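Residues in the sequence shown are numbered from 1 upward in steps of one, following my numbering.
All residues carry an ideal CB built from backbone N, CA and C; glycine is no exception.
Note that the structure is a prediction, hence the values are computed from the model and not measured.
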Amino acid sequence: MRTRPASDRGQAITETMLLTWILVLLIAMAWQLFIVNDTVFRSVTAVHADLFRQGYQANKSSKTYNSDSNAKVIWNTTDIPEIEIPVIGMFRGVLPSSIRIRSNVRGPEPAKGCPVPCKKSKMAAGTDMNVFTAFGKALLALPLIPTTLIQRGGF
């Protein structure tokens, strides 16, 4: 019968511990990915709800159509706290305790509550003119009624 060398005795324990550590790391990465996905979904949902609320309020005949100021949202933590992505404890040594969704285009604007570059979303809202006025203008522009009847007073 063959005997094992003394160095092979701890190999099974070392392999088991390494595989367990890799498994725990993979589960933690999947959990963190789920947290990121959930936070991004909640933040986008909150921004869209706010945009549509503002757009609904601006969608009146008294409001003029505008794509810049009628419905806009600045993604700061006071208005939308969902933009902070929490980091699980296993990764806090490498990452900060939370990661903020931010813009890679704009600079920081502390006056608007953005110490880091904030994302901004906007939506066009409002009406160009009264619906009946617009319909009347479009109807008069169509050549439906012969002008000779209108001139003779027959219509």
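Contact between the stretch 68–79 and the stretch 17–33 is absent: fewer than three C-beta pairs spanning the two stretches fall below 8 Å. Note on the stretch 19–98: there is no whole alpha helix (DSSP H) run with a minimum of 4 residues. Per DSSP, S103 has no beta bridge partner at all. Measuring C-alpha to C-alpha distances from G89 to each of T64, A28, K60, G107 identifies A28 as the nearest. Leaving aside the five residues that flank P86 on each side, the residues in its chain whose CB is nearer than 8 Å to its CB run, in chain order, I35, T39, S97, S98. Beta bridge pairing from DSSP links K122 with K72. Going by beta carbons, K72 and K119 fall outside the 7 Å limit.
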